[in-house]
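Below: the structure, in structure tokens.
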Amino acid sequence: MGNVIPPLRSHRGLIRRKAVAFKHFAVIGVIGTVAVASVACSAVGVAHAAPTGGSSDWPAGSPSQWLNGLLSDLPSGSSSGSSTGHGQSVLATDGQRKLEALARQILGTEVVRDQISQVRALYAADPRGSTPAGKATIDRAANSIAAAAVQYGLSENPDDPVLMWAITAPHEFSGLSMPRSGYGIENPDNVYRQATVAGNASYEIRGKITQPGPVELHFELRDAVPGTTVLNNEAGKTIGALSSDQITVGADGSFVVTVDSKPADGRRNHLPIPAETTSFLVVRDLLNDWSRENPVQLDITRVSGPPIAAPKSVDQLAERSAEILSKMAPFWLSYFNQYLYAAAPANVFSPVRARPGGRGLSTNGWFDLADDQALVATVDPVGAKSLGIQITDPWGVAYEYRDHTSSLNTTQSKPNPDGTYTFVISKNDPGVFNWLDPDGHGSGMLAVRWQAMTGTPTLESAVREVKVVKADQLRQSLSPATIFVNPGERAAQQRERAANFDRRMTG
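Here the sequence shown is numbered in this note's numbering, starting from 336 and rising by one per residue.
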């Protein structure tokens, strides 16, 4: 269990210029028109090499059919963001929409689809692949981590960086859909953005906070894309961090963060980077109240550096995305087998630990419940401004969270009279307001995160109780103060949640 599973078969040299022709996407409206697709490439520094059409060895249907299926999990009624006018989303930047158009194209290339097929086979061969929940979620998980790998591939451009919104639920901007991207027990309370920076260049990140802003804005520099380097409990190495409590902000909510390899020399909002290499930048807006709090408007600019390199072609980006996926999928499979499934039995929490980079506390575990069982967990905020609990499928991809309660934080939950929170995980709806919904499955992973700490917490008191009870005994095992809901109230809770999540697209 201690060794990383060997990488999946590399595609270097295999692609043979078989990126999907733009005409496939014009037909189904994914990119819309040939012109839009071409602009998406040129405007984000991608060399346009005329790709050839699909071939007879596409797995499971044509690229258009496959992409239609991939995008079919976009929930009905979801809002479509706008980049102009009233109610604009700070995430719907021109760079974001162009990269998403390019991501949709790359997800349809043969080289990426072939790699997804290998991920499916990898998952199916794992012991988790023979369990009911594991088997049922293989396709969804493989597609999700593939979309994340493509987003990482598109974020490797230190010459013309874009802070790309990634690792998120299916969504639309201006009527164009983007499929689910996630892995590694992603946190639905976070808005994740990412870019790559080079140590031989300098950058400015300009931000504007619209109140109420996030509970915390956190910049983290890593040595590489998580899951592509050394296997350890942090999936790589953190080389720098900067949080909102360390950033000087103007009266109008604006700020500038400098990023380069030079000493700070009195620059308060400075993020130093190693001089002789590239670093991967992750930005997290932590939203505790989805109905009110706003992601920060951010834009990154390269202000100096050596001459820029020639842009990568679509084929090169597809090949690089497939290469990242070939590392990420076996890495995270090995990671969870070692640090989660082999570390403790089902239905218990690991010891609470401090997270690196000043990001609070966390615990995790995995659950495996029969149809007539429920897991009951009571946790204490211990001074955290944000306390959240999340559940995922057996591969680490969050269960549906836009309009299902597969994650809950303190603004989405009902507290106990003593200020603690009790959550219930069960395959079927138990009628408890604080129900973590596994989308009809009986097993998966879980994580609890305490963030934006105030004071020094007592780790031992963070988790009060974890137990498994029979479903027909659940009510008597809970506090008399527990809030229950009927089906109509559950539906209203889900509608409100979806509307709150959609604020990320509409502002």
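C-beta: ideal position from N, C-alpha, C; glycine also. Keep in mind that this is a model prediction, so the values were computed, not measured.
Separation of residue j from residue i, as counted between CA atoms
i: Gly-743; j: Pro-642; result: Here the sequence assigns Leu to residue 743, which means Gly is not the residue at that position. Cα to Cα, the separation comes out at about 47 Å.
i: Val-497; j: Ser-537; result: 14 Å
i: Gly-842; j: Ser-465; result: 42 Å
i: Gly-588; j: Thr-503; result: 26 Å
i: Phe-508; j: Ala-427; result: 7 Å
i: Asn-525; j: Asp-753; result: 27 Å
i: Val-804; j: Gln-546; result: 43 Å
i: Asp-300; j: Glu-551; result: Outside the shown range of the chain (336 to 842) lies residue 300, about which nothing can therefore be said.
i: Ala-705; j: Ile-540; result: 49 Å
i: Lys-802; j: Gly-723; result: 19 Å
i: Met-840; j: Glu-628; result: 13 Å
i: Gln-747; j: Ser-626; result: 10 Å
i: Tyr-458; j: Met-780; result: 15 Å
i: Gln-431; j: Trp-500; result: 7 Å
i: Val-711; j: Gln-725; result: 14 Å
i: His-776; j: Lys-762; result: 5 Å
i: Arg-838; j: Asp-772; result: 22 Å
i: Leu-437; j: Leu-652; result: 10 Å
i: Gly-364; j: Val-617; result: With a pLDDT of only 28 at Gly-364, under 50, the local geometry of the prediction cannot be trusted, and the value read off the model is given with reservation. One C-alpha to the other measures close to 31 Å.
i: Ala-644; j: Pro-493; result: 10 Å
i: Thr-636; j: Val-683; result: 45 Å
i: Gly-823; j: Asp-764; result: 13 Å
i: Val-594; j: Ala-709; result: 48 Å
i: Glu-800; j: Ala-570; result: 29 Å
i: Leu-566; j: Ala-456; result: 22 Å
i: Thr-564; j: Gln-673; result: 16 Å
i: Thr-793; j: Ser-685; result: 15 Å
i: Val-454; j: Val-798; result: 35 Å
i: Phe-590; j: Thr-531; result: 20 Å
i: Lys-572; j: Met-663; result: 15 Å
i: Phe-304; j: Ala-678; result: In the structure as shown, the chain begins at 336 and stops at 842. Residue 304 is therefore absent and cannot be evaluated.
i: Asp-461; j: Arg-475; result: 16 Å
i: Arg-810; j: Val-649; result: 56 Å
i: Phe-671; j: Arg-515; result: 21 Å
i: Lys-647; j: Ser-578; result: 33 Å
i: Arg-448; j: Ile-441; result: 9 Å
Close Cβ partners of residue i (< 7 Å) along its chain, the five nearest in sequence each way excluded
i: Glu-735; result: Ser-741 and Asp-774
i: Ile-544; result: Val-584, Gly-588 and Val-631
i: Val-560; result: Tyr-487, Phe-615 and Ile-659
i: Ser-796; result: Asp-715 and Val-717
i: Arg-694; result: His-553 and Gln-786
i: Pro-750; result: Tyr-756
i: Pro-523; result: Gln-725, Ala-733, Tyr-736 and Ser-742
i: Arg-548; result: A small correction: the amino acid at residue 548 is Gly; Arg does not occupy that position in the sequence shown. Answer for Gly-548: Glu-628, Asn-629 and Val-631, listed in chain order.
Chain B contact for residue i (CB, 7 Å cutoff)
i: Asp-634; result: Included in the structure is just one protein chain, with no chain B present.
Beta-carbon separation (whole angstroms), residue i vs residue j, contact threshold 8 Å
i: Ser-479; j: Tyr-518; result: 6 Å
i: Gly-575; j: Pro-607; result: 6 Å
i: Leu-668; j: Trp-701; result: 14 Å between Cβ atoms; not a contact.
i: Ser-656; j: Val-485; result: 4 Å
i: Thr-755; j: Thr-713; result: 5 Å
i: Ala-787; j: Lys-720; result: 4 Å
i: Arg-832; j: Asp-738; result: 6 Å
i: Ile-451; j: Ala-483; result: Contact doesn't hold; Cβ gap of about 12 Å is too wide.
i: Gly-281; j: Glu-491; result: Lying outside 336 to 842, the shown extent of the chain, residue 281 is not represented and no answer is given.
i: Leu-633; j: Gly-542; result: 5 Å
i: Gly-731; j: Phe-666; result: Actually they do not touch by this definition, with Cβ atoms about 11 Å apart.
Cβ neighbours of residue i in the same chain (closer than 6 Å, five flanking residues each side left out)
i: Met-513; result: Glu-435 and His-506
i: Ala-610; result: Gly-534 and Ser-596
i: Ala-375; result: Here the model assigns Ala-375 a pLDDT of 45, short of 50, so the residue's position is not dependable, and the following value carries that caveat. Around Ala-375: Lys-433, Ala-436 and Leu-437.
i: Phe-758; result: Ala-712, Ile-724, Asn-769 and Leu-771
i: Asn-623; result: Val-550, Ser-721, Asn-744 and Thr-746
i: Ala-816; result: Pro-752
i: Thr-612; result: Gly-534
i: His-605; result: Thr-593 and Ala-599
i: Ala-481; result: Ile-451 and Leu-660
i: Ile-582; result: Phe-590 and Asn-604
Beta-carbon contacts of residue i that lie in its chain and below 8 Å, excluding the five residues immediately before and after
i: Gln-828; result: Thr-740, Phe-768 and Val-820
i: Ser-902; result: An answer regarding residue 902 cannot be provided, because it is not within the stretch 336 to 842 covered by the chain.
i: Ser-697; result: Val-687, Arg-688, Arg-690, Ala-782, Val-783, Arg-784 and Trp-785
i: Arg-830; result: Asp-738
Length at least 3, wholly inside the region 562 to 611: the beta strand (DSSP E) runs in chain order: 573 to 578, 589 to 595 and 605 to 607
Contact the region 466 to 474 vs the region 423 to 443: 3+ CB pairs below 8 Å: no
Runs of beta strand (DSSP E) wholly within the region 600 to 683 (minimum 3 residues, chain order): 605 to 607, 613 to 621 and 632 to 639
Length at least 3, wholly inside the region 473 to 539: the beta strand (DSSP E) runs in chain order: 499 to 501, 506 to 508, 511 to 513 and 525 to 533
Start-end ranges of the alpha helix (DSSP H) lying completely within the region 426 to 474, minimum 4 residues: 429 to 442, 445 to 460 and 467 to 471
Length-filtered (3 minimum) beta strand (DSSP E) runs lying within the region 737 to 787: 742 to 744 and 756 to 760
Start-end ranges of the beta strand (DSSP E) lying completely within the region 684 to 725, minimum 3 residues: 696 to 703 and 708 to 714
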